[in-house]
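Colleague: Here it is: the structure, laid out below.
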Amino acid sequence: MLAVQIWAQDKPYIIQLIAPHFASLVEVFYGEFSDLKRRRLGSHKFPLPRLRPWFALYRSHRKSKKHLETLFLTIVGPEVVALVSGILAELQKPASATPKKKYSPEEMDQLKTFADNLKQGLRAASFEYLEDEFENKPVDPETADAVHKLLVDHPLDASFFIFVHVPCLFLYRMTPTLLYRKARLGDLDALKKILRLDQLMIHDCFIGQKVAAIRFNHNLSKYQNLVALATKSPVVDRRNILLSIAGLVYAISFLTDKPLKPQDISALFGAIADDTNNDELIKSIPQDSKSLGRELRSDRNPWRQMFNPDKKT
78 MLAVQIWAQD
88 KPYIIQLIAP
98 HFASLVEVFY
108 GEFSDLKRRR
118 LGSHKFPLPR
128 LRPWFALYRS
138 HRKSKKHLET
148 LFLTIVGPEV
158 VALVSGILAE
168 LQKPASATPK
178 KKYSPEEMDQ
188 LKTFADNLKQ
198 GLRAASFEYL
208 EDEFENKPVD
218 PETADAVHKL
228 LVDHPLDASF
238 FIFVHVPCLF
248 LYRMTPTLLY
258 RKARLGDLDA
268 LKKILRLDQL
278 MIHDCFIGQK
288 VAAIRFNHNL
298 SKYQNLVALA
308 TKSPVVDRRN
318 ILLSIAGLVY
328 AISFLTDKPL
338 KPQDISALFG
348 AIADDTNNDE
358 LIKSIPQDSK
368 SLGRELRSDR
378 NPWRQMFNPD
388 KKT
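In terms of our numbering, the sequence shown is residues 78 to 390.
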């Protein structure tokens, strides 16, 4: 049995399903985020996107959300989407909520048995997938073909999700829409971040105008620095990524009736480190629970705000 599987045993069901997978992504993100601008995923090289629809994904949360939903549906299928939606709906129900329909005791037993079997099957499949991942088992040809087809058929959706949306969330703790708005309004730090994240944004009319304005205000060195950032990768730090993921897991746990404690978060990454023989994870976790608690609390609010997405653009 995996160490992370033992860690999950007494945790809320939704945490058992998602927390180990998020925690396992630290090393993946650390490696991939360092080389975003090559626009490669494995051997697949993404084509240059059409700029107008690409920029539109930054400007409208609704358009970005629609593209992500399309991508998610393609990846997992409508059944899993319906299941996840159901889980989220249950998490948002008040504890006192009662079902509209009254079931007989026999029907309730049948429903409970079905739900228990479904949950056990999902949990078993989840940890089986993690075990294969930790052992570096090759992806089966059918899955590899499906992923390749997805990348070819939906290049705009897939590349925006892989190279912009996910890195923006875990590196900067904000949505691309919010980062774009800050940069568009002249926030210099946001300008730097968006250019490091995506070199195409220097061609966006609003971002390009802000960069050009700096040049015409005779601040040549600041202008040169911004232009140079478009060729550089984001600053990627393993500890920052770990704490970002930890903050997400911590925030999600507060949607359950048993929120995680800082010690639980530390134990989660310790279990992943054991399962993957990765000492770097242990070094990246704040060893003092009070220090970790402060880090988690500071990240909890940004993640909670992202559960209620930005709608101003």
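Glycine included, every Cβ here is placed at the ideal spot set by N, Cα and C.
With a 10 Å radius around its C-beta and 16 neighbouring C-beta atoms as the bar for buried, classify Val326 as buried or exposed.
Modeller: Answer is buried; the Cβ neighbour count reaches 16.
Colleague: Any idea what DSSP makes of Lys122, helix, strand or coil?
Modeller: Lys122 falls in the strand class under three-state DSSP.
Colleague: Take Ala201 as the anchor and find which of Ile342, Leu102 and Pro97 has the nearest alpha-carbon.
Modeller: Comparing Cα positions, the closest option is Pro97.
Colleague: Taking 8 Å as the threshold (C-beta atoms), are Tyr300 and Val288 in contact?
Modeller: Going by C-beta atoms, Val288 is nearer than 8 Å to Tyr300.
Colleague: Can you tell which of Phe247, Gly285 and Leu297 has its C-alpha closest to the C-alpha of Gly324?
Modeller: When only C-alpha atoms are compared, the closest one is Phe247.
Colleague: Applying the criterion that 16 or more other CB atoms from any shown protein chain within 10 Å of the CB defines a buried residue, is Glu372 buried or exposed?
Modeller: Buried, because 16 or more other Cβ atoms sit within 10 Å of the Cβ of Glu372.
Colleague: Using DSSP with H/G/I as helix, E/B as strand and the rest coil, what is Gln86?
Modeller: Three-state result, Gln86: coil.
Colleague: Where are the alpha helix (DSSP H) runs, 4 residues long or more, that stay fully inside the region 179-218, in chain order?
Modeller: The qualifying runs are 182-211.
Colleague: My output table needs one value for Leu168: the three-state DSSP class, helix, strand or coil.
Modeller: Unreliable positioning characterises Leu168 in this predicted model, as indicated by a pLDDT of 47, which lies under 50. The coordinate reading is nonetheless provided below. Helix, per DSSP.
Colleague: Count the C-beta pairs between the region 344-362 and the region 80-90 that are closer than 8 Å, then say yes if the count reaches three, no if not.
Modeller: Result yes; three or more Cβ-Cβ pairs closer than 8 Å.
Colleague: Inspect the CB distances between the region 234-241 and the region 204-218 and report whether three or more fall short of 8 Å.
Modeller: Touching, no.
Colleague: From Asp209 to Glu109, what distance separates their C-alpha atoms?
Modeller: So the alpha carbons of these two residues sit roughly 20 Å apart.
Colleague: Name the two residues that bound the continuous alpha helix (DSSP H) containing Thr252.
Modeller: First-last for Thr252: undefined, no H or E at that position.
Colleague: So the candidates are Leu320, Phe99, Gly263 and Phe283; which of them puts its Cα closest to the Cα of Tyr249?
Modeller: It is Leu320.
Colleague: Quick check on the DSSP output: the alpha helix (DSSP H) that includes Pro311 runs from which residue to which?
Modeller: Careful: Pro311 lies outside any alpha helix (DSSP H) and carries neither H nor E.
Colleague: Val153 by DSSP, collapsed to three states: which one?
Modeller: Annotation note: pLDDT 47 at Val153 (below 50); position unreliable, no value reported.
Colleague: Shortest alpha-carbon distance to Pro232 belongs to which of Pro130, Ile362, Phe106 and Ser375?
Modeller: Nearest of Pro130, Ile362, Phe106 and Ser375 to Pro232, Cα basis: Pro130.
Colleague: Using the Cα positions of Pro253 and Ser368, report the straight-line distance between them to the nearest angstrom.
Modeller: Cα to Cα, Pro253 sits roughly 29 Å from Ser368.
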